[in-house]
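Just so you know, we're using the working numbering here: the sequence shown kicks off at -8 and counts up by one.
Cβ atoms here follow ideal geometry from the backbone N, Cα and C, with glycine treated the same way.
What you are looking at is a predicted structure, and each value in this text was computed from that prediction instead of being measured.
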Amino acid sequence: MKKRFLLIISLFSVFLILTSCSRGNKIEKTFNQYKEFWIKKDYQSMYSMLSEDSKKHISKESFIERYSNIYSAMEAKNISIITDKDKSDKDFTIPFTLSMDSIAGKLNIKGYNITLIKENKDYKIKWNESLIFPKMNNKDIIEVEKYNAKRGNILDKNGSPLATTGIIKSVGIYPAKFKSDDEKDKINKIASILDISQSYIENKLNANKNPEHFVPIVDLLDSDRDKINKLLQIKGILINDKKSRVYNGGESIGSLIGYIGSITKEELEKNKNNGYNSSSLIGKAGLESLYEKKLKGKDGGYVYIQRGNEKINIAKKKAINGQDIKLSIDLNLQKKIYSEMNREKGASTAVNPKTGEVLAMVSSPSYDPNIFVTYTSNTQKDAFKKSNNLEFSNRFNDVYSPGSTVKLITAAVGLNNGVINPNLAMDIKGKSWKKDSSWGNYNVTRVKDPGRAITLKDAIKYSDNIYFAKVALDLGSDKFIKGINNFGIGEDLDFEYPIDKTQVSNKGKIDEEILLADTGYGQGQILVSPLHMALAYSALGNDGNIMKPRLNISENSTAKVWKKAIDPNNVDTLVNGFSSVINDSDGTASDIKISGINIAGKTGTAEIKKTQDDNTGTENGWFVGVNTDNSKISLSMIIENVKDRGGSHFVTPKVKNIMEYYLKK
């Protein structure tokens, strides 16, 4: 009997243990499911797991709306829930810690307790406001204040803002005062002033259902005073101030600075852990995009429980403003160059020979980045369409055939290797030449036959293709390429703004005599950027040294030698030769001469054609030059399609005006 009683007791104990384990497993399973829904922000499924009493406490709509609004305002993400098993009530209550990233920083909130109760055969969540935040009760309100980080400014070398936070004008309609018998006439007048369609305005008005609501139409720059004054004469028009990114420099800076815009779904996904949300603005092009991480800053926020007049802190983080970036760019020079280019298709770059500071990087034609923070008129849209969006193609980071501007490099390499003796004349007959019969029908041609043997200085002044083709052949491929590489051509350029890679040839080597000869005077397959050519000529103003180019001088403040390109013993010879191009009346760029200023430079006409006999190709015109006395600027400019427009002499007057402006200001 005693044994039987003990057996019953044992079996009952096992039953209790098994029942307890089964209940514990069900509770844990229910909690884990609720936790999974919470992490996924599936508020509807969370609500479905509440107890009946809890559902009487809060409706489904209110539950979903409350969590959605709070978590959305907090920008809650990366939610995790960690159970404190040591403190867990094995039966019904589970303590846990909630962690998440939010506008107010990383939150680790302890003190949560979730209670589960059995209804029928299932376990349900006993919900109250403490499951939003532990300190919260049913009469409390969650408030979220966002502290927006100020985007960093982009400044020119003198501190003038190129991109900054400013005030623009939000133009809109107040329907209660706008609606009238002459509404149609007023819409027509607005459309005419702003150069937008009437239907655009009508659609905006029709989408609004509340006559007391401000209906935004477009944003204007504060400087658009004429439009603003005309619009204010129309009854029902309201114009409010609005903070915005604004750009100074108009079209001259468009390709360089770029612009910001609303973040796309793809960009948001790509930057999902970098503090962006669906309403964020992000750099779209140019330096606004390249320096996005530095300029953006980090938003802050304050999350708290509002209980009457009391604020109960949950989390708070200050905003960290974006960094200002100071460029080496001289805005006035940038604008002058763009003005001189007069929207011709091309590019120009200027550098300081002594410091490597890049003073200007211009692409023409370009766009005013302010259109992306205000609006684009119909006339501007038509212009973009007509040009096939030519304005949005950046040219200063492209590479081009250098034409005769490369003759400085060939001359320097020849002198450095002892192939050229500047005092000896080379005897060349006629206007065409080929090495021997192995070249077939191919000839190197020159524009002028002076009727005598020519020195290096003559060859530079008259831009003699044959002379420089012979120098390249005398050097041989290996020495020639090594010398060109010493000017940075064919190498990756360590520079803040991405520049297309230059090349000596398509293969990176020159294994054909004709290609070697053509490369020596700037044809062949050699490709250079406007920046590389400005740097090459800067060596004439800096004892043969090329300084490392610098754009972001707020970080890259130290001048460093990048290339010792020209033997110092040969600099005067080259300065003398390339100055004669301008100073001598029979020089190819004598029209650029400026009184009191010595410029060493070279014109170049790069022929873009399929074969030597092709007459249908086009031409690009170059000029590159540097002032050599107390050198301050080395400037390159290329303008495309100058055939039958004067060739490189379409470019020289523009460069003269720029040089005179910069050096005599």
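Short Cβ contact (8 angstroms threshold) for residue i with residue j
{"i": "S496", "j": "I517", "result": "yes"}
{"i": "A591", "j": "V566", "result": "yes"}
{"i": "G266", "j": "V397", "result": "no"}
{"i": "G313", "j": "K287", "result": "yes"}
{"i": "K722", "j": "L406", "result": "Past the boundaries of the shown model lies residue 722; the chain is included only from -8 to 656, so the question cannot be answered."}
{"i": "K170", "j": "P207", "result": "no"}
{"i": "E120", "j": "D131", "result": "yes"}
{"i": "N648", "j": "E331", "result": "yes"}
{"i": "Y488", "j": "L542", "result": "yes"}
{"i": "T619", "j": "L531", "result": "yes"}
{"i": "N408", "j": "G474", "result": "yes"}
{"i": "I573", "j": "K554", "result": "no"}
{"i": "N456", "j": "D186", "result": "no"}
Neighbourhood of residue i by C-beta distance below 7 angstroms, restricted to the same chain and skipping five residues each side
{"i": "S354", "result": "S246, A338, N385, R386 and F387"}
{"i": "I184", "result": "K218, K221 and L222"}
{"i": "A154", "result": "N144, I145, R236, Y238, I248 and E279"}
{"i": "N361", "result": "L212, V237 and Y238"}
{"i": "M37", "result": "Y25, F28 and W29"}
{"i": "E136", "result": "G292 and Y293"}
{"i": "Y391", "result": "L518, V519, A597, N611 and I629"}
{"i": "L350", "result": "S319, I320, D321, L324, A341, V342, N343 and I624"}
{"i": "K195", "result": "V206 and I208"}
{"i": "F641", "result": "G612, I630 and V633"}
{"i": "F3", "result": "Its pLDDT being 45, under 50, F3 is placed unreliably in this model, and the value from its coordinates should be taken loosely. Cβ within range, chain order: n/a, list empty."}
{"i": "F459", "result": "K398, T401, A450, G511 and Y512"}
Classification of residue i by the beta-carbon crowding that lies within 10 angstroms, buried from 16 upward
{"i": "N179", "result": "exposed"}
{"i": "Q297", "result": "exposed"}
{"i": "V617", "result": "buried"}
{"i": "V162", "result": "buried"}
{"i": "K452", "result": "buried"}
{"i": "G299", "result": "exposed"}
{"i": "R216", "result": "exposed"}
{"i": "I501", "result": "buried"}
{"i": "S627", "result": "buried"}
{"i": "N264", "result": "exposed"}
{"i": "S190", "result": "exposed"}
{"i": "I303", "result": "exposed"}
{"i": "I158", "result": "exposed"}
{"i": "P540", "result": "buried"}
{"i": "G499", "result": "exposed"}
{"i": "L676", "result": "Past the edges of the chain, shown from -8 to 656, lies residue 676, and the structure says nothing about it."}
{"i": "A198", "result": "exposed"}
{"i": "E348", "result": "buried"}
Residue i in three-state terms, based on DSSP
{"i": "R298", "result": "strand"}
{"i": "F641", "result": "helix"}
{"i": "W29", "result": "helix"}
{"i": "C12", "result": "Bear in mind that a pLDDT of 46 at C12, under 50, signals an unreliable position, so the number given afterwards is only what the model happens to contain. Looking at C12 - three-state DSSP - the assignment turns out to be helix."}
{"i": "G277", "result": "helix"}
{"i": "F614", "result": "strand"}
{"i": "W118", "result": "coil"}
{"i": "Y250", "result": "coil"}
{"i": "V462", "result": "helix"}
{"i": "E283", "result": "helix"}
{"i": "S1", "result": "Low local confidence applies: a pLDDT of 47 at S1 is under 50, so the model's placement there is unreliable, with the coordinate-based value given in what follows. Residue state, collapsed to three classes: helix."}
{"i": "R57", "result": "helix"}
{"i": "Y653", "result": "helix"}
Proximity winner among the options, relative to residue i (alpha-carbon distances)
{"i": "I328", "options": "D315, K26 and M352", "result": "M352"}
{"i": "S151", "options": "S269, G266 and D315", "result": "D315"}
{"i": "K97", "options": "F205, I305 and G227", "result": "I305"}
{"i": "V438", "options": "S548, E631, W430 and I419", "result": "I419"}
{"i": "P86", "options": "D577, S93 and Y103", "result": "Y103"}
{"i": "L229", "options": "E257, E260 and K168", "result": "K168"}
{"i": "I225", "options": "T619, P125 and I164", "result": "I164"}
{"i": "K284", "options": "I303, Q371 and N262", "result": "N262"}
Contact set for residue i: own chain, Cβ-Cβ below 6 angstroms, skip 5 residues either direction
{"i": "T106", "result": "F83, T84 and K117"}
{"i": "A64", "result": "V135"}
{"i": "E56", "result": "none"}
{"i": "N128", "result": "E120"}
{"i": "P125", "result": "G102 and Y103"}
{"i": "K148", "result": "S319 and D321"}
{"i": "N231", "result": "S161"}
Close beta carbons around residue i, own chain, < 8 angstroms, minus the five adjacent residues each side
{"i": "E43", "result": "E110 and K115"}
{"i": "M40", "result": "T21, Q24, Y25, F28, K115 and I116"}
{"i": "I411", "result": "A402, G405, L447 and V462"}
{"i": "N139", "result": "D290 and A310"}
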